[in-house]
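Accompanying notes for the structure given below.
In my numbering, the protein residues as written are 114 to 375.
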């Protein structure tokens, strides 16, 4: 399904009919990663986001107990409007579900972090191919050896998403994505994956492997799945996130981000 009618897409997700990755859906809308934590850990995670804006570009924090992102999607419900969620207990991924209402608590605080799926439609408009969309796969994501700046209870290493590009498209992709820091901005690494601790592109830690053609350069962007790797390292009592590649689609438009970031 490739449609730009937000209400139709959200209803498909809310009803459980769409449980696949959201890359390519609602072009022009801002997509977001989701992290939900108990209130007692919310300040520490907020500080983690402030200290690590590349993987965790914060676009909204909800009031404790409220599942409504009043700033970015006032008609949405964060408990039902993400295609797939992951439940973590003490750092272990224990379950993947399509509805987190049974797990929501009165002190739950939700964080929405900008997602790089947002700028993919701009790359496509500029005739820069996006391989995982071409191949109808989830974007490949990898844990790196790059440590994040710790904050309170949270510490761990950066996760990146990868898109292979022809040499002629690398500089253009950097120029384009650097205009959107609230959805990860410019890449964090270009070229040899081993330089950032990735040994095998054919074995992503999250998502699907994609074809890297001869002469193409792997380009790596900071990824909002980083908090899930941080959960494994920090072991909070519980954390709820989106399943990698299955984003919250907000009401915000790409041009809203340009206005915010100049």
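The beta carbon of each residue, even a glycine, is placed where N, CA and C say it ideally should be.
None of the values given here were measured: they were computed from a predicted structure.
Measuring alpha carbon to alpha carbon, tell me which of 143, 157, 351 ends up nearest residue 262. 157
Judging by CA-CA distance, which residue of 348, 359, 351, 327 is the nearest neighbour of residue 337? 359
Relative to the C-alpha of residue 297, which residue among 280, 190, 270, 333 is closest? 333
Just verifying my parser: in three-state terms, what is the DSSP assignment at residue 160? helix
State the Cα-Cα distance for the pair residue 280 and residue 169, rounded to the nearest angstrom. 28 angstroms
Within the same chain, show all residues whose beta-carbon is closer than 8 angstroms to that of residue 209, passing over the 5 residues directly before and after it, in chain order. 197, 198, 199, 200, 356
Need the endpoints of the beta strand (DSSP E) that residue 150 sits in, please. 142-151
For residue 264, which residues does DSSP report across the bridge? 267
Cα separation between residue 135 and residue 165? 24 angstroms
Per DSSP, what are the beta-bridge partners of residue 209 in this structure? 199
Can the beta-carbon of residue 244 be found closer than 9 angstroms to that of residue 215? no
With residue 145 and residue 339 assumed to form a contact (beta carbons below 8 angstroms), what rounded beta-carbon distance in angstroms separates them? So it is not a contact: roughly 14 angstroms between Cβ atoms.
Using the rule of at least 16 other Cβ atoms within 10 Å of the residue's Cβ for burial, across every protein chain shown, is residue 173 buried or exposed? buried
Roughly how many angstroms lie between the CA atoms of residue 226 and residue 147, to the nearest whole one? 6 angstroms
What is the DSSP secondary structure of residue 354, counted as helix, strand or coil? strand
Pair within 9 angstroms by beta-carbon distance, residue 223 and residue 187: no
Residues sharing a beta bridge with residue 227, DSSP: 145
C-alpha gap between residue 189 and residue 232, whole angstroms: 22 angstroms
Contact belief for residue 352 with residue 150 at Cβ below 8 angstroms, rounded distance in angstroms: 6 angstroms
Close beta carbons around residue 375, own chain, < 6 angstroms, minus the five adjacent residues each side: Residue confidence is low: residue 375 scores 38 on pLDDT, short of 50, so the model does not pin down where it sits. Its coordinate-derived value is still stated next. Counting only Cβ-Cβ distances below 6 angstroms, and skipping sequence neighbours, we find nothing.
Helix, strand or coil: how does DSSP classify residue 155 here? helix
Which value, in whole angstroms, describes the spacing of the CA atoms of residue 282 and residue 237? 11 angstroms
Bridge-paired residues (DSSP) for residue 256: 272
Of the residues 122, 350, 185, 304, which one's Cα is nearest the Cα of residue 275? 304
Please state the DSSP three-state secondary structure of residue 319. strand
The alpha helix (DSSP H) enclosing residue 119, as first and last residue numbers: 119-127
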